[in-house]
Structure formats: structure tokens, C-alpha cells
Amino acid sequence: MYGLGGILLFLLGVWSFLVHDGLLRKLIAINVTGAGVFHVFIAVAYRGLDAAPDPVPHALVLTGIVVAVSATALALTLGQRLERPDD
Amino acid sequence: MIPDAWLPAAIVLTSLVPGLLIFLLGEERQVLRTLLNMAGALLKLALVGWLILGIYEGRTFESRLTIAPGLDLVLSADALSVLFVTLSSVLWLVTTVYAIGYLEHSPNRSRFFGFFSLCVSATVGLALSGNLMTFVIFYEALTLATYPLVAHRGTPEATRGARIYLAYTLGGGAVLLIGAVWLQALAGPVVFTQGGMLSGVSGEHEVQLVLIFVLLLTGLGVKAALVPLHGWLPQAMVAPAPVSALLHAVAVVKAGAFGIVRVVYDVYGVSLAESLGLLHLLAVLASVTIIYGSVRALSQDGLKKRLAYSTVSQVSYIALGASIFGPVATIGGVVHLVHQGIMKITLFFCAGNYAETLGVHRVSEMDGVGRRMPWTTLAFTVAALGMIGVPPLAGFVSKWYLGLGASEAGSDWVLIVLVASSLLNAAYFLPILFRAWFREAPARWPDEHIPAGRLETSGALLWPPLITGALALAAGLFAAAPASPLEWATLIARREYGL
Amino acid sequence: MIDWLVLAIAVPLLGSVVAAALPGRASAIGLATAVLTTGSALAASLVVAEGGSLRSDLGGWGAPLGIALAADGLSAALLVMSNLVALGISVYALDYFSGGVRRHFWPLWLLLWTSLNGVFLAADLFNVYVTLELLGISAAALGALSGRPDAVAANLRYLLVGLLGSMTYLLGVALLYTELGTLDIGLAAEALVPGPLAHTAFALMLGGLLLKAALFPLHFWLPPAHSQAPAAVSAALSALVVKAAVYLVLRLWMDLFGPVAGPGAGAMLGVLGAAAVVWGSWRAFRAERLKLLAAYSTVAQVGYLFLFFPLLAIAPPPEREALLGALVLLALTHGFAKAGLFLAAGLLQKRVGHDRIDELGPAIQSLPVVGLTLGLAGVALIGLPPSGTFIAKWILLAESIGAGQWWWAPVVLIGTLLASAYVYRLLANAFGPAAQAEPAAEGALAPIGRLAQAPALLMTLVAVVVLGLGGEPLWGLLEGVGP
Numbered sequence: 001m002y003g004l005g006g007i008l009l010f011l012l013g014v015w016s017f018l019v020h021d022g023l024l025r026k027l028i029a030i031n032v033t034g035a036g037v038f039h040v041f042i043a044v045a046y047r048g049l050d051a052a053p054d055p056v057p058h059a060l061v062l063t064g065i066v067v068a069v070s071a072t073a074l075a076l077t078l079g080q081r082l083e084r085p086d087d
Numbered sequence: 001m002i003p004d005a006w007l008p009a010a011i012v013l014t015s016l017v018p019g020l021l022i023f024l025l026g027e028e029r030q031v032l033r034t035l036l037n038m039a040g041a042l043l044k045l046a047l048v049g050w051l052i053l054g055i056y057e058g059r060t061f062e063s064r065l066t067i068a069p070g071l072d073l074v075l076s077a078d079a080l081s082v083l084f085v086t087l088s089s090v091l092w093l094v095t096t097v098y099a100i101g102y103l104e105h106s107p108n109r110s111r112f113f114g115f116f117s118l119c120v121s122a123t124v125g126l127a128l129s130g131n132l133m134t135f136v137i138f139y140e141a142l143t144l145a146t147y148p149l150v151a152h153r154g155t156p157e158a159t160r161g162a163r164i165y166l167a168y169t170l171g172g173g174a175v176l177l178i179g180a181v182w183l184q185a186l187a188g189p190v191v192f193t194q195g196g197m198l199s200g201v202s203g204e205h206e207v208q209l210v211l212i213f214v215l216l217l218t219g220l221g222v223k224a225a226l227v228p229l230h231g232w233l234p235q236a237m238v239a240p241a242p243v244s245a246l247l248h249a250v251a252v253v254k255a256g257a258f259g260i261v262r263v264v265y266d267v268y269g270v271s272l273a274e275s276l277g278l279l280h281l282l283a284v285l286a287s288v289t290i291i292y293g294s295v296r297a298l299s300q301d302g303l304k305k306r307l308a309y310s311t312v313s314q315v316s317y318i319a320l321g322a323s324i325f326g327p328v329a330t331i332g333g334v335v336h337l338v339h340q341g342i343m344k345i346t347l348f349f350c351a352g353n354y355a356e357t358l359g360v361h362r363v364s365e366m367d368g369v370g371r372r373m374p375w376t377t378l379a380f381t382v383a384a385l386g387m388i389g390v391p392p393l394a395g396f397v398s399k400w401y402l403g404l405g406a407s408e409a410g411s412d413w414v415l416i417v418l419v420a421s422s423l424l425n426a427a428y429f430l431p432i433l434f435r436a437w438f439r440e441a442p443a444r445w446p447d448e449h450i451p452a453g454r455l456e457t458s459g460a461l462l463w464p465p466l467i468t469g470a471l472a473l474a475a476g477l478f479a480a481a482p483a484s485p486l487e488w489a490t491l492i493a494r495r496e497y498g499l
Numbered sequence: 001m002i003d004w005l006v007l008a009i010a011v012p013l014l015g016s017v018v019a020a021a022l023p024g025r026a027s028a029i030g031l032a033t034a035v036l037t038t039g040s041a042l043a044a045s046l047v048v049a050e051g052g053s054l055r056s057d058l059g060g061w062g063a064p065l066g067i068a069l070a071a072d073g074l075s076a077a078l079l080v081m082s083n084l085v086a087l088g089i090s091v092y093a094l095d096y097f098s099g100g101v102r103r104h105f106w107p108l109w110l111l112l113w114t115s116l117n118g119v120f121l122a123a124d125l126f127n128v129y130v131t132l133e134l135l136g137i138s139a140a141a142l143g144a145l146s147g148r149p150d151a152v153a154a155n156l157r158y159l160l161v162g163l164l165g166s167m168t169y170l171l172g173v174a175l176l177y178t179e180l181g182t183l184d185i186g187l188a189a190e191a192l193v194p195g196p197l198a199h200t201a202f203a204l205m206l207g208g209l210l211l212k213a214a215l216f217p218l219h220f221w222l223p224p225a226h227s228q229a230p231a232a233v234s235a236a237l238s239a240l241v242v243k244a245a246v247y248l249v250l251r252l253w254m255d256l257f258g259p260v261a262g263p264g265a266g267a268m269l270g271v272l273g274a275a276a277v278v279w280g281s282w283r284a285f286r287a288e289r290l291k292l293l294a295a296y297s298t299v300a301q302v303g304y305l306f307l308f309f310p311l312l313a314i315a316p317p318p319e320r321e322a323l324l325g326a327l328v329l330l331a332l333t334h335g336f337a338k339a340g341l342f343l344a345a346g347l348l349q350k351r352v353g354h355d356r357i358d359e360l361g362p363a364i365q366s367l368p369v370v371g372l373t374l375g376l377a378g379v380a381l382i383g384l385p386p387s388g389t390f391i392a393k394w395i396l397l398a399e400s401i402g403a404g405q406w407w408w409a410p411v412v413l414i415g416t417l418l419a420s421a422y423v424y425r426l427l428a429n430a431f432g433p434a435a436q437a438e439p440a441a442e443g444a445l446a447p448i449g450r451l452a453q454a455p456a457l458l459m460t461l462v463a464v465v466v467l468g469l470g471g472e473p474l475w476g477l478l479e480g481v482g483p
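Chains as they are written, first to last, in the working numbering: chain F, 1 to 87; chain S, 1 to 499; chain L, 1 to 483.
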């Protein structure tokens, strides 16, 4: 279930990335895409109710989030630069 | 055999290295530049002499560099390559002297002589190529090295001529490349072999072999100026005279013709080419080119243009020789490789002298130049008569063997081509000679730069045509002497036919 | 024993941090780091060349979990090229950047270098993602360095597209992990069974990487981003960053998805590559500005690399080795040549303040060394002998004819002729009549130092002479790469 939801989120993100024009919207769309992928990873970690979840995907998701956040930060900085070219 | 591996590479390097060094020299370093040029030319000639000596002694020479698995850059020496290498080295030396005199005060000399040396390196590399890939590499390198020479003057006209030249030759090079790669995919590495490397290939690939031959011939035909691929040659006349001389006599045009000879004899083998009907195709193309070039030459007033169309015509004698089955015609074609080179370079030197000394560029301006410049005009006369085929000059020897070979092979129509072309040669050369010797000189020349002193023009311009003119005379007079071009050509033909 | 693999990544990372901390000395730190990084990468490659392959596990965790680095002949070849080119760019940058831009350049540039080496050395699929993402971030930030609105816009787009590409790739990795339970490329390859999931993962990962590799029609972001960036950065983007994505495609194709990647996928890549060759060359020919020409030429050259895939997919071992060597040779040659071209373009731009092709004649004539560099780069881009491109194309043509897929030959032919045309447009200026007319304008030309001209010339010389005549050891290095 969780995995399917993740894939759905991914597709939604890609769709809105392709459809929308504004930079901010594209950026949000990308983040939605990323969230989808991370959900898939978390779904992967599930190994049944009584077993502990696989730690590897969790570690991956954490790393992934850090990377995605820094990319987003850079994108926002660049976007800001575009808004105020005199800066 | 190991000690002999360096010599072919060294022969290429003797002009490549000076060329690269010259690029680095400042414009004003004239003495050093001249020294480098002459040292390279003389050293190359000495090494070629050594090569010939070695071959007489029965040694073999081969430089090999593997550039990828199964792809070897090979420089080696057989009878045919030695013939071409000798021609290039001798004429390069003479042309270098001429070019130094010709360009004495013009700008960008370092660039000019740099590319000039690269051009000769490519030609020599091409002559020594031991396989088709190496040949293709030097063939392309020749294009690159000659383009800046044609464009040298930088005028819009020169730029345009050079662009047309480049478009033709790069296109031709690409077609040649496809043909060469295809052949390699079909038959493995294409090593030039006396008697033909494909002679063992079975008949199942006939259609492919014919198509490949057409591709190769198209690629080579561009440089050899076979009709209808000749369009660049008259345009390239904008180049300075020494460049034209080199292009028409040894480098570009000759590279194409040499390539055709190689493909017919050492790739396909003359028997296979005959049985596939390829010789017939080549014979028709060559004949059409011979007649067409001569006819177009008739109506040209520009002296260099007339000479250019004459080249279109004359170079195809070489292809014609290759296209007739039988050793005698082969001798005629191969020997013409040398004879045409010597005669045509003389004509271009003379044309350059008229232009540089008196500002005479057109045939209609040549009235009486023989009295003002008797020595130059004498050299011109010898070369022109040779081109027509007057005995005992060099051109006569070529035509004699071509005609003899054609009638032996039963191709009598070739005789008609030869006769017609000789008449046309006479028709466009004799009026020039008549004007030069027998018409009254005008009161003022169009643009006289070099006044008549003890010599009719500067020494560096005068000696080269006299030397090459004398060679043209000697090649005919002493055709039967040992080590003459004819002797070599006979040797080559014997080996190709396995006689 | 010194762990060169770790050093090749740790040194530039450390340098990046230090350069950011001491902005006043960024240049000196940057150059020192560049030299040390290149040294480490070369040493690692040397060990690979002698011993076959290298592997190192960071943090002591074994293969299934830890951060693993590995190098084989393929990584070594690209590592050598990338680090030499990056070293050249560093030397060039000393003179090229000044003031505040310089302070920002070095930390970002060393970070890019870190991630680049990381991509080539990563042994597991997730590390590939992290390094790839870092590469995209640092590349976009560098591209926008000038701060001009058009440059910022182009590189923001580049960043977002890159993010989309890496997310798509990561989804593929996630799917693969559900089935295989490992991220190590070697272990995953052993466990992989062809099936719907494997195919989906393959498609996703390939799609994400192709977006980053700018394969037609996913190339749309490249020309603006590469042509707007500062020349030193453009050189790195075109020569190296794009190559990293192509490298990954090749790596996954051979090492992981062997059973999945069949002739169909190969043919698709070939068709897209062919379209890229024709379209990229055509647009390069029509370009008004030199850097745009160079950027479109990259689109075309990437296309050539993908022309090898349909043949790789069907070739028996000996032909495969020949093809792989030619593919890598082409990638390396293009790396050196394109970097040289961009650096030379930057010098011309500096000299006369613009890069409009039709008006560059005087600038080229006033800088003969740059003119020579352009000429050599042109030889390599067209594929004339003796460049490495010539040999690569020869093998490509011979193998496609040999395999009965002769239709790739006309594509190569068209691309070559178009390349001749665009190089001609550029170089014909150098022989124009302006040669004698210009000395009066000499004062208007900005001075260019010799040191700034050297890297570009050396790079193009490597592309034309070293790789063209001395490329044969490459095949030995690549022996044993792949299944």
C-alpha cells in the first residue's frame, strides 16, 4: 500500500513538473516526486509486523532528504537571484 | 630487419618536424626559417637516396605503429612508393627554393612555410603508406595541410576558392573513408600487396566489391580531378604560384592519381579489377576527363586557369594507364606520374615568374615575353612541348607506352583519345609559344616589379624552372638509362603482373 | 598501502571545505588541492592498470551495507581523463576568475570534482545517486556563478531537470532494492533475474540517466546551461559532467542489467543517438555564438557515444572489446577536445568581449596559439586523423558494417560533414582578409597571458596526437571490463 502510494506521489510530481510553468511550482513538484521515492524506500523496509524493519532504506532516506533539501536550497537561492537581478 | 624500421618514419619526419618548428618562429626569423626548410628538404632527399640504395641491396623497410587493436599505421617502401617519394622529395626541394624567392616580401610567411612542410609530409606519408587506413589518414591530412595554403592570400576570392576546395576534398575524403572501412569489414586489414590483396577473395562478394570500388574511386577521383569531380581545381588557382605548382605536380592531384593506381593494382589486383569490369569504368571516366579538360583549356585566357584545365586532362593519363589491362600501358601510366609532375611544375613556375616579374597573368598579355624573359620562356617551351608529346621529351615517352599498351590490349579507341588529346594540347599550348616568341613585346608590361638586370628575374625564381625543365628533357632523352623513371615504371609493371 | 581511491575523493572534499573557510587564499588552496587530487586519481588508475581492479570499503562495513569504492579499467580511463582536464581547468581558472567570483568558484569547483570522482568510483547504487545529485547541484551553482539573469535561469532549469533525473533514477534503485535486497552493483548483478520489476527498474534508472546525459530529445536543457556558464565551467560541464552520466549508463548496461538490456533497448538508444548526431550538428552549424556552437556539438558527440549501444548489445566478445575501447576512446577524446574548445572560446570572449562567430576573425588572428587550439579541437570534433575520434569512428563504422547494421554509416557521415561545416565557419575567419587590416585596433584587445593559453592547447594536443596515435593501451586497460 505504502509503496503504491509512493509511486503515485512520484507520478503526481512528474506530472505537475511537466505541466506547470512557474519555477516555484516546478520545485515543489520535484519535492513531491522525491517524497514519493522516499515512501517507496520506507515501504521496502517493511519486513512483516513482528520483524524489525530493514535499517538500510531508512538510512538511505535520511541521506536522500539531506541531499534533496540542499538542492532545494540552491534552487531557491537561484530563484531569488532571478527575482532581484540587481542584487 | 629491425634496424630498418626507422627510415620510412624518418623520411616523413624530416619535413614534419621543420614544419612544426617553423610555426613557432616569428615572422622576422627569415634566416632560421630558410635554414630549417632547406635542411629538411636536403635531409629528406638524402634519406630517400639511402632508401633507394637499401632497396637495391634487397633490404626491406617498414615502420609500424599500432593505434588500436587490428589497426596499424604502416609506412613501408615498395617500388611504386619509392617512385612517388623520390618525385615528391626532389620537387619539394626545388619548390622550396622557388617559394622562398616568390614570397620574399609577403606577410604570414611562417604560417605559409609551416603548412607547406606539413603538406609535403602528408604527401610523402601517403606515398609510403603500407595499408589503406594509413593512406586514408595521410589523404585527409593532406586536405587539412593544403587548405590554409590555398586560402593564404586571404582575399575574398581566395577564401571562396579555398572553401570550394575544402568542400570537395572533405566530401571526397568521407566517401573514401566509407569505402575503406567497408572493404576492411569485408576482407580484414587492407594491406597494399603487389598483385592485389583481394585476388584471393571469392566471387560471392562481387556486388559489394564493385560498390566499394565506386566509393574508393569517387573519393580518390575528387583529388585526381576526374570529371565530374574536378570543379575545385580551377577554383584553387587563387593560391600563390608555388602552391599551385605543388598541388598540380606532386601533392593533391597526384595523391588522387597515385591512390587510383594503388587501388587498382595493390588492393584489387589488375586481374580482379578486369574481371569485375571496373577497368572499363575507369577507362571511360579517364578518357572523358582527358578530352573534357583539354577542350576547356582551349578557351581559358588566364594562364594559370589554362594550366589548371590542362592538369585535369593530363593527370587522367595516369588513370588511363591503370585502366588498360596489360603491362605496357601500366608503364605508360606510372611513368606519367613522374613526367606530368616534372612538366607541370615547370609550367607553373614559369607562370609564376611571368606574374611576379612582369605582372602578366593572361595568355593575351604574353606577347613577346620570350624576348624579355628568354630563359623562363625556354623552360616553358620545353615543358609545353613535352605535354603535347613531342619526341624526345618526357611526355612523348608516356604517350608512346600508353598507345602501345592500348593497341596491345585491343582498345583501339584509346588511341583516338590519345591523338585527339594531343591535338588539343597543341591547340592550347602552341598559340602561347607563338605569342611569346614571335609577337612584338608591348611598350610597357602590366606591372613590372623586377627590372631586367644580369638575370631576367631573381635567381630563386629562375633556377627552379630551369632545373625542372632540364629534368623533363632528360627524362625523355635518357629514358632508357638505368634508374630513369621509365626503368622504375617498367620494374613496377613487371612486379604487378608477376612477370 | 595508501588508499588512493579514498584520497581521490577525500582530498578535493577537504580542499573544498578549507577553500570555503579561507576565501582569501582560495586560489592557492584550490591549485594545491587540484594537483594532489589529480595525483591521487592518477595513482589509483596506475594501480588498476597494473593489477586489474581496486576496491575499498569505507567505515569497515562489508559489501551489503557500507560505502564501497571500486575502480576497474573503465573507471580508471575516465578518472584519468577527468582529472587531467580538471587540472587544466584549475590552472586556467587562476587567471580567468577574479574577485568575489573567485572565492565562490573554488569551493564549488572542488565539490564538483569530489562528486565527479565519486561517480566514477562508486560501487553501490545509492552512492551513485548521492554523488550524481551533488554533481548536479555543484554544476548548476557553478554555471550560475556570473549571476547574470539568463545564466541563472538556464542553470536553475538545469538544476531542476537534473533533480528530476536523479529522482527517477532513485525510484528505479528503490524498486531494485525491494527485489534484490542489496545496493552493491556486483551483488545486485548476481541476484538479478529478468522480470517485470527488473525491466521497470532498468527503464527508470536509464531514463533518469539519459536526462542527465542530455541524449536527444532530453537535451533541451543543455545548450542554454552550457553556453551561459563561465567558460571554465562550461568546459567542465560539457567535457566531464555529461560524461559522468554516460559512464553510468555504460556501467549499468554492462555490469548490472546485462540480462535485461537487449538488442531492443540498444536499438532505441542508437536511434536516439543518431537523431542527436544529426540534430546537434545541424544546430551547431546554425549557431551564432561560439559557446552555443560548442554546446550543441556536445549534444551531437553524446549522440555518437550512444550509436555504440545497438552494436554492443549484439556483438560477440572480440567485437565487444573493440567497440568498448572505441566508445571510451571517443568519450576521452571528446572530453579533452571540448574542454579545450570551451577554454579557447573563453579567451576569445575575454579578448574582444563577445563570442559571435562571424566577428571573431581578428581575435583569432591576434592569438595564434588560440587559433591553433581551435584548429586541433576542430580536427577532433570532426573526427579527422590523427585524432582519437577518427579511430573510434573507424571502428564504429567497421563494426556496424560488419554486423550488417550499415545504416549507422550514413549517420556518421552526415554528422562528420556537418561538423566540418561548423568548424569551417569558425576557422575560415582565421584566414580572412582582416589579417593585415587590424593592427590599429590592437589597443582595444584585452591582454591574454601565456599561462592561460597553455591548458587548452595541451588538452587539444592530447585529443589529437596522444589519443590518436597512442590510444592502443586503452584496450588493454579495458580488458575484463563488463560481464
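Ideal Cβ positions, reconstructed from N, Cα and C, are used throughout, including at glycine.
All figures in this text were calculated on a predicted structure; none of them were measured in a lab.
query                                                                                                                        : result
Own chain, CB closer than 7 angstroms to glycine 325(L), minus 5 neighbours either side, in chain order                      : Leu474, Trp475, Leu478
Glutamine 314(S) beta carbon less than 9 angstroms from that of glycine 293(S)                                               : yes
Which residues DSSP lists as bridging leucine 54(L), in chain order                                                          : Ala71(L)
Straight-line Cα distance separating phenylalanine 112(S) from glycine 40(S)                                                 : 16 angstroms
Contacts of leucine 60(F) in chain L (Cβ-Cβ under 7 angstroms)                                                               : Phe126
Residue from Thr77(F), Gly79(F), His58(F), Ile42(F) whose Cα sits closest to the Cα of glycine 5(F)                          : Ile42(F)
Coil, strand or helix - valine 360(S) by DSSP                                                                                : coil
Boundaries of the beta strand (DSSP E) in which threonine 66(S) is found, first to last residue                              : 62-68
Extent of the continuous beta strand (DSSP E) to which leucine 170(L) belongs                                                : Leucine 170(L) -> not in any beta strand (DSSP E); alpha helix (DSSP H) instead, spanning 149-180.
Inside the segment 434-483 of chain S only - beta strand (DSSP E) runs reaching at least 3 residues                          : none
Start-end ranges of the alpha helix (DSSP H) lying completely within the segment 343-414 of chain S, minimum 4 residues      : 369-372, 374-388, 394-408
Short Cβ contact (9 angstroms threshold) for alanine 394(S) with glycine 476(S)                                              : yes
6 angstroms CB neighbourhood of histidine 105(S) in its chain, flanking five on each side removed                            : none
Reduced DSSP category for leucine 75(S) - H, G, I as helix; E, B as strand; rest coil                                        : strand
At least 3 beta-carbon pairs within less than 8 angstroms: the segment 453-473 of chain L vs the segment 383-397 of chain L  : yes
Proximity test, Cβ basis, 9 angstroms: alanine 419(L) and chain F                                                            : no
Threonine 376(S) and tyrosine 354(S) closer than 9 angstroms at C-beta                                                       : yes
Environment of tryptophan 106(L) [buried if 16+ CB atoms lie within 10 Å]                                                    : buried
Residue-chain proximity (methionine 81(L), chain F), Cβ-Cβ < 9 angstroms                                                     : no
Per-residue DSSP class, three states only, for glycine 302(S)                                                                : strand
Chain-ordered neighbours of alanine 141(L) on chain F, where CB pairs are closer than 9 angstroms                            : Leu74, Thr77, Leu78
Cβ neighbour criterion (16 or more within 10 Å) applied to phenylalanine 308(L)                                              : buried
Aspartate 50(F) - partner residues in DSSP beta bridges                                                                      : DSSP, once it has assigned bridges, lists no residue as partnering aspartate 50(F).
Straight-line gap, threonine 298(L) to isoleucine 137(L) (C-alpha atoms, nearest Å)                                          : 20 angstroms
C-alpha gap between alanine 493(S) and alanine 275(L), whole angstroms                                                       : 49 angstroms
Given alanine 68(F) as reference, the closest of Leu134(L), Leu187(L), Gln405(L), Leu183(L) once Cα atoms are compared       : Leu134(L)
Member of Lys243(L), Leu272(L), Ala421(L), Val412(L) whose CA lies at the smallest distance from the CA of isoleucine 164(S) : Ala421(L)
Minimum Cβ-Cβ distance from isoleucine 178(S) to chain L less than 9 angstroms                                               : yes
Proximity winner among Leu445(L), Thr38(L), Leu159(L), relative to leucine 5(L) (alpha-carbon distances)                     : Thr38(L)
Buried versus exposed, by CB contacts within 10 Å (16 or more), arginine 320(L)                                              : buried
Arginine 25(F), buried or exposed, once every other Cβ within 10 Å from all chains shown has been counted against 16         : exposed
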